[in-house]
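Here is the structure we will look at.
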Amino acid sequence: MPKIPHIGIVVGSTREGRFSERAAAWFHRIAARRTDLSVEIVDLRDYPMPFFDEPASPAWMPPKHHVAERWTAKLTLLDGLVFVTPEYNHGYSAVLKNALDYAFQQFNRKPAAFVGYGGVGAARAIEQLRMVAVELQMAPDPQVCERRHGRVPRHLAAGQGIRGFSASRTGGSRSAG
Ligand SMILES: Cc1cc2nc3c(=O)[nH]c(=O)nc-3n(C[C@H](O)[C@H](O)[C@H](O)COP(=O)(O)O)c2cc1C
13 MPKIPHIGIV
23 VGSTREGRFS
33 ERAAAWFHRI
43 AARRTDLSVE
53 IVDLRDYPMP
63 FFDEPASPAW
73 MPPKHHVAER
83 WTAKLTLLDG
93 LVFVTPEYNH
103 GYSAVLKNAL
113 DYAFQQFNRK
123 PAAFVGYGGV
133 GAARAIEQLR
143 MVAVELQMAP
153 DPQVCERRHG
163 RVPRHLAAGQ
173 GIRGFSASRT
183 GGSRSAG
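Sequential numbering from 13 applies to the sequence shown in this note's numbering.
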């Protein structure tokens, strides 16, 4: 039987009381209906890495920190990633950036998709994430899933899978302010 792609759903906030775990669980429930891929929640709380403090970029040298070793080992097992991101001051979270900086080859040539929530569906955070994903040599989905003001986009409410979630464009949410 051919191997199906294994997708990691990264919980992009680690703070006490975070919403991200609820957004990730919500997305996981939808994605788990797919039979042509498998999904797993990857919680950054399980990878408490210090602020990046390695002698060189992971592009040139594997990180030495023991948690970062676990993080890169986990990434190696994933065929693609869905980043569930908050928006903090029009950017994404520092903890997510730190996790991204701790790996390089493990991201290369893998598809990346984004789920955002907040006032404008984390649109501005996702724009930044997409640029960083390109630098990590990922293949970011040009479309994103947004959850704004607690509303679920119609195509998601209808229970469509990952193909369906990508029907709303980041740029379309700007007017929400
Ligand atoms: C430091 C900080 C900055 C924020 N900046 C924004 C923002 O720029 N845009 C926005 O829509 N929400 C902003 N928010 C609200 C967050 O979207 C909201 O708190 C969300 O729950 C954060 O995600 P989390 O609970 O998973 O950490 C901000 C929240 C914090 C704590």
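All C-beta atoms, glycine included, are put in the ideal place defined by N, C-alpha and C.
Buried or exposed (CB count within 10 angstroms, at least 16 for buried), R136: Taking the first residue of the sequence shown as position 1, residue 136 is located at position 124. R136 comes out buried.
V22 versus F64 - alpha carbon distance: On the sequence shown, position 10 is the one that residue 22 refers to. On the sequence shown, position 52 is the one that residue 64 refers to. If you take the alpha carbons of V22 and F64, they lie about 19 Å apart.
So, A71 versus F116, is the Cβ gap smaller than 8 Å? The residue given as residue 71 occupies position 59 in the sequence shown. The residue given as residue 116 occupies position 104 in the sequence shown. Contact: yes.
Please output, in chain order, the residues near ligand 1 using a CB cut-off of less than 6 Å to any non-hydrogen atom of the ligand. S25, R27, R30, F31, S32, P98, E99, Y100, N101, H102, G130, G131, V132
Would DSSP call E52 helix, strand or coil? Mapped onto the sequence shown, residue 52 falls at position 40. Strand.
Under the assumption that L112 contacts V144 (Cβ atoms under 8 Å), give the Cβ distance between them as a whole number of angstroms. Here residue 112 refers to the residue found at position 100 of the sequence shown. Here residue 144 refers to the residue found at position 132 of the sequence shown. Indeed, because the Cβ distance is near 6 Å, the residues count as touching under 8 Å.
State the start and end residues of the unbroken alpha helix (DSSP H) segment that holds V79. Against the sequence shown, residue 79 aligns to sequence position 67. Run containing V79: 78 to 88, per the alpha helix (DSSP H) assignment.
Kindly indicate which three-state DSSP category V144 falls into: helix, strand or coil? Along the sequence shown, one-based indexing puts residue 144 at 132. Helix at V144.
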